[in-house]
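Residue numbers (our numbering), protein chains in the order written: chain A, 559 to 789; chain B, 40 to 477. Okay, structure first, notes after.
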Ligand SMILES: Nc1ncnc2c1ncn2[C@@H]1O[C@H](COP(=O)(O)OP(=O)(O)O)[C@@H](O)[C@H]1O
Ligand SMILES: [Mg+2]
């Protein structure tokens with residue numbers, strides 16, 4: 559078996575509310591391998607989003623480890639964790655989270671300039687732009703480059719968000735109910751794009767979904783219940 | 040790069056920030072323009088005061104002090120170029136006759152109810168000329184009816200009556216012309232049988248002509264008479280008495296050090312003597328004007344504070360709105376420090392642009408103020424700055440780079456505060472909150 563790209567070992571995570579700790583993840587083991595597409599299923603409140611945040615180094619675990627290509631990364635300094643998020647991990651969320659002031663193209667470019675210094679950006683700008691345009695074309699938005707999120711439909715916004723997650727060439731994409739807010743027809747379109755990207759780019763995916771049919775198309779299904787991964 | 044990029048786009052899509060920028064601009068503009076006019080004005084006033092005062096003045100001399108010994112002592116100092124004896128006294132001036140003017144009904148009133156207080160300076164014109172600006176003060180009077188007949192010898196000894204030089208403003212106000220006769224009343228204490236008694240002295244003078252310095256306060260109170268005449272009235276038989284000596288320096292820049300040296304040299308023979316530079320002599324007057332300047336700066340600074348609140352308010356509003364973006368920015372690789380910098384950049388950009396525009400506006404309006412004033416006067420008959428009151432030819436201004444730097448510094452510090460607080464709040468916002476709840 560190959561080494562997992564990203565894995566969680568015995569991750570425990572709880573939230574303290576009014577002096578009382580609510581356990582959300584209660585010793586989760588989870589791996590995603592290179593080029594693998596994992597579906598993460600579970601009832602609402604099972605802890606899927608929390609696991610994704612912990613895996614994506616957005617939220618530190620209370621105990622347990624997060625390994626990236628075999629290396630523990632959960633206790634790295636804040637700047638290094640931010641850099642890993644930028645270089646290795648792409649996020650897609652249910653609610654797109656596009657910046658309303660920026661055009662589709664600028665939103666995608668933003669995903670590329672997070673760690674670049676202004677002077678270096680002057681040199682990299684052209685290449686980055688060309689790639690952003692190419693990504694937007696590949697998700698079918700080649701004609702909507704200059705539109706702002708408010709001028710785009712839900713499906714189009716999510717496609718911009720997918721292009722943005724891809725521009726820094728991550729190893730893993732963590733997608734939290736990416737179609738949860740879309741009607742079934744649009745959702746199908748967006749999912750086709752995700753599967754195509756997976757095929758073409760060989761990026762690993764963790765896909766949180768409620769859709770059993772969609773889960774069936776993934777390599778592996780992981781079910782969660784009450785903060786635990788089921789056998 | 041994302042910090043600059045986001046800050047720019049956040050700002051550009053929110054015209055409300057123009058409000059804060061305009062406020063900062065207004066504050067900087069006012070601080071630069073008004074203060075530069077004021078310091079220009081202060082510079083002119085100082086020059087005027089200086090032109091009416093000798094480099095050094097020696098005073099508080101014991102009565103009777105004769106000039107000769109003093110003159111020699113003073114001449115020993117290397118920085119002393121020339122000295123002039125003065126006898127300063129106070130009196131009441133009463134016009135008797137105004138040639139060319141209609142006789143006023145109260146002219147024969149024995150009460151002298153229209154007598155005016157005057158500070159008399161007894162001078163020796165020949166010694167005075169190299170020390171003070173008296174030649175210029177006389178020459179600057181252009182009205183033929185007020186001018187001194189012989190500027191080279193303004194107070195001739197052999198005249199029928201002793202001469203008196205009055206200020207142009209006084210002559211105009213009293214409706215006097217050269218040649219008019221006036222009466223002076225002086226008083227001094229005399230010991231009579233061991234008892235101090237006040238004695239009045241009365242003498243007629245003929246107005247020799249007018250003088251004018253640019254120091255309004257000096258002209259307002261002073262008049263010149265021949266020192267010999269004054270001595271004859273006040274110090275009969277006491278010799279060449281002086282109670283003040285005007286000194287011209289070789290190097291006026293070295294005045295402060297010279298004051299100390301001269302004072303020490305004189306102190307042995309003249310206990311209690313005081314020596315002052317022109318600046319020290321007018322210190323209270325100059326300081327009073329300077330204080331007005333400080334108060335004005337304080338008032339204008341309030342505009343800056345208000346502008347800072349504007350920046351703070353608009354930026355806080357924006358941060359509340361933009362906390363939604365913090366989640367995705369963090370997911371893409373931003374740190375709290377990076378988030379802080381995004382909003383700090385916004386605030387600093389607003390302040391910096393406002394400050395730069397304010398400096399430009401301030402400098403340009405100072406340059407073109409006089410043109411603007413002339414235009415206002417020609418077009419609407421409104422004189423914004425009555426310059427003639429202060430003997431100014433134009434609206435003065437003094438653009439002091441240090442002051443501009445101070446304004447810039449203050450503005451940036453305020454901007455940093457205004458931006459820092461909302462930016463700090465943004466940085467402390469939990470990015471997961473933005474991601475979980477839409
Ligand atoms: N910040 C928080 N404070 C308290 N409880 C939280 C917080 N975030 C998540 N939870 C709780 O953790 C549990 C799991 O949430 P989540 O991971 O979003 O589940 P899922 O994505 O599977 O629906 C829920 O019961 C939720 O109420
Ligand atoms: Mg969830």
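By construction, the Cβ of each residue, glycine as well, lies at the ideal position given by its N, Cα and C atoms.
Annotation: Cβ neighbours of residue 475 of chain B in chain A (cutoff 8 angstroms, chain order): 607. Considering only beta carbons, the part of the segment 645-656 of chain A lying closer than 7 angstroms to chain B consists of 649, 651, 653, 655, in chain order. Under the Cβ criterion of 8 angstroms, residue 76 of chain B is not counted among the residues facing chain A. With contacts defined as CB atoms closer than 8 angstroms, residue 381 of chain B and residue 42 of chain B qualify as a contacting pair. Short note on residue 606 of chain A: C-beta closer than 7 angstroms to some heavy atom of ligand 2. Within 7 angstroms of the C-beta of residue 614 of chain A there is not a single heavy atom belonging to ligand 1.
Using a Cβ-Cβ cut-off of 9 angstroms, residue 681 of chain A is close to nothing in chain B; its nearest Cβ partner there is about 11 angstroms away.
The nearest non-hydrogen atom of ligand 2 is 7 angstroms or more from the C-beta of residue 617 of chain A. In terms of side-chain proximity, the C-beta atom of residue 734 of chain A is found nearer than 7 angstroms to a non-hydrogen atom of ligand 2.
Taking CB atoms only, residue 737 of chain A has no neighbour in chain B less than 8 angstroms away. Residue 647 of chain A counts as buried, since at least 16 other C-beta atoms from the protein chains shown sit within 10 angstroms of its C-beta.
Sorting A:730, A:760, A:766 by C-alpha distance to the C-alpha of residue 590 of chain A places A:730 at the top. Annotation: residue 711 of chain A to residue 750 of chain A spans about 17 angstroms, alpha carbon to alpha carbon.
For residue 353 of chain B, no Cβ of chain A is located within less than 8 angstroms of the residue's own Cβ. At a Cβ-Cβ threshold of 8 angstroms, residue 369 of chain B and residue 598 of chain A do not count as neighbours.
For residue 588 of chain A, the three-state secondary structure derived from DSSP is strand. Of all C-beta pairs linking the segment 465-473 of chain B to the segment 410-418 of chain B, fewer than three are shorter than 8 angstroms, placing the two stretches out of contact. Of all residues in the segment 408-441 of chain B, none has a C-beta nearer than 9 angstroms to a C-beta of chain A. From the beta-carbon of residue 634 of chain A, no residue of chain B is found nearer than 8 angstroms; the closest lies around 12 angstroms away. Contact between residue 202 of chain B and residue 244 of chain B holds, since their C-beta atoms are separated by about 7 angstroms, short of 8 angstroms.
Look at residue 356 of chain B: its C-beta is not under 8 angstroms from any C-beta on chain A. Within its own chain, the residues whose Cβ lies closer than 7 angstroms to the Cβ of residue 69 of chain B, once the five positions on either side in sequence are excluded, are 339, 342, listed in chain order.
Against residue 386 of chain B, chain A offers no close residue; the least beta-carbon distance is about 17 angstroms (beta-carbon pairs closer than 8 angstroms).
With respect to the 8 angstroms criterion, residue 619 of chain A and residue 569 of chain A are classified as neighbours on the basis of their beta carbons. Here the segment 99-112 of chain B makes contact with the segment 277-287 of chain B; the two share three or more CB pairs at distances below 8 angstroms.
With fewer than 16 other beta carbons inside 10 angstroms of its own, residue 743 of chain A counts as exposed.
For residue 573 of chain A, the shortest C-beta to heavy atom distance toward ligand 1 is below 7 angstroms. Rounded to the nearest whole angstrom, the CA to CA distance from residue 633 of chain A to residue 377 of chain B is 20 angstroms.
Contact check for residue 387 of chain B and residue 454 of chain B: beta-carbon distance about 6 angstroms, within the 8 angstroms limit, so the pair qualifies.
In this structure, the beta-carbon distance from residue 434 of chain B to residue 76 of chain B falls below 8 angstroms.
Under the three-state reduction of DSSP output, residue 93 of chain B falls in the coil class, being neither helix nor strand. Taking all protein chains in view, the Cβ of residue 714 of chain A is crowded by 16 or more other Cβ atoms within 10 Å, so the residue is classified as buried. Taking 8 angstroms as the cut-off, the beta carbon of residue 166 of chain B is found no closer than this to the beta carbon of residue 198 of chain B.
The straight-line gap separating the alpha-carbon atoms of residue 656 of chain A and residue 667 of chain A is approximately 12 angstroms. For residue 669 of chain A and residue 733 of chain A, the gap between their C-alpha atoms comes out near 16 angstroms. In the same chain as residue 88 of chain B, and ignoring 5 residues on each side of it, the C-beta atoms closer than 6 angstroms to its own belong to 254, 321, in chain order.
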